[in-house]
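FYI, the numbering for the sequence shown is 569 to 814, going by our numbering.
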Amino acid sequence: MTKTVYLTIDDAPSSDSLHKLKYLTDRGIFAVWFCQGNFLEARPALALEIVKRGHWIGNHTYSHPYCSALPVDQVFAEIRATEAVINDLYRLSGVNRPHKLFRFPYGDKGDGRFGNPPGSPDVDKERRRAAIQSYLRLLGYVQFPFRDVTYPFYHSFGLLEDVDWYWTFDSFDWTTVVSEPPEDYGTPERILARLDEDRPDSGRGLNSPDSADIVLVHDYPGNGELFERIIDRLIEKGVTFAVPAP
569 MTKTVYLTID DAPSSDSLHK LKYLTDRGIF AVWFCQGNFL EARPALALEI VKRGHWIGNH
629 TYSHPYCSAL PVDQVFAEIR ATEAVINDLY RLSGVNRPHK LFRFPYGDKG DGRFGNPPGS
689 PDVDKERRRA AIQSYLRLLG YVQFPFRDVT YPFYHSFGLL EDVDWYWTFD SFDWTTVVSE
749 PPEDYGTPER ILARLDEDRP DSGRGLNSPD SADIVLVHDY PGNGELFERI IDRLIEKGVT
809 FAVPAP
């Protein structure tokens, strides 16, 4: 099977980042690390190491809120605060910042399209979407065209039309750290079994050659073993880990 995978890592950097970074470096795998501003400020040395080893750092807001629950001005402030931290880190690293990349926490697009979290006000979804996307463009953020991502669901939701980065395959590794995981998940064995499902219409298309995949994993402290097992399983499938192209 020929399958291209773009690896993305959310909620970095953690106390486990160096371990994961070495694992990826040893295997020649590139990743985009979507980082929280508060974590970058707490662990700048780890962020600098990620950059110096040739990976990219993206903006994942400052404090990881549900953006659809915030006034738009607060969403802008979350983006802007992390933007400043990332700029400073690239300056310290001596590496030119290659691209400005952004991903919303929780897959919450900031406009309620995928369901508002508890306590969110009713919002004008199209107005919020336009305002947030315009602000990201104003700051110079970009999404790449991902021409080899051909899943109908990805296009029908307009995910390639926005500036922020989404994903096609969620590893569900996050279910190991929540108090009430979704049914059928929450253990490493169930998460690894998800990688073997063949449901490209439902975001589980790793076993279909028809589309490339943007894979989501997380940089949680203490999940290094599961992280490696997920990547090892992808390697066993014969995927090609690629650097996304603008």
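Glycine included, each C-beta is placed from N, C-alpha and C at the ideal position.
Sequence-distant residues of its chain with Cβ nearer than 6 Å to residue i (five each side left out)
i	result
Ala649	Gly605 and Tyr630
Tyr658	Arg665
Val731	Gln701, Leu704, Arg705, Tyr709 and Gln711
Residue burial classification, residue i (beta-carbon count within 10 angstroms, cutoff 16)
i	result
Gly678	buried
Thr576	buried
Ala530	Because the chain in this structure spans residues 569 to 814, residue 530 falls outside the shown range and cannot be described.
His723	exposed
Ser770	exposed
Ser747	exposed
Phe721	exposed
Arg671	buried
Ala615	buried
Same chain only: Cβ atoms within 8 Å of residue i, ignoring 5 sequence neighbours per side
i	result
Pro789	Ser582, Ser583 and Asp584
Arg797	Pro756 and Leu760
Residues that residue i bridges to, as DSSP identifies them
i	result
Asp781	Val573
Asn664	In DSSP, Asn664 forms no bridge with anything.
Trp601	Ile577 and Ile625
His786	Asp578
Tyr709	Lys668
Thr808	Thr572
Close Cβ partners of residue i (< 7 Å) along its chain, the five nearest in sequence each way excluded
i	result
Asp778	Thr718 and Pro768
Trp735	Thr576, Ile782, Val783 and Leu784
Rounded distance between the beta-carbons of residue j and residue i, thought under 8 Å
i	j	result
Val710	His667	6 Å
(message) Any contact between the region 695-709 and the region 599-607? By contact I mean 3 or more CB pairs, one from each, below 8 Å.
(response) no
(message) Does the contact criterion of 3 or more C-beta pairs under 8 Å hold for the region 645-665 versus the region 592-599?
(response) no
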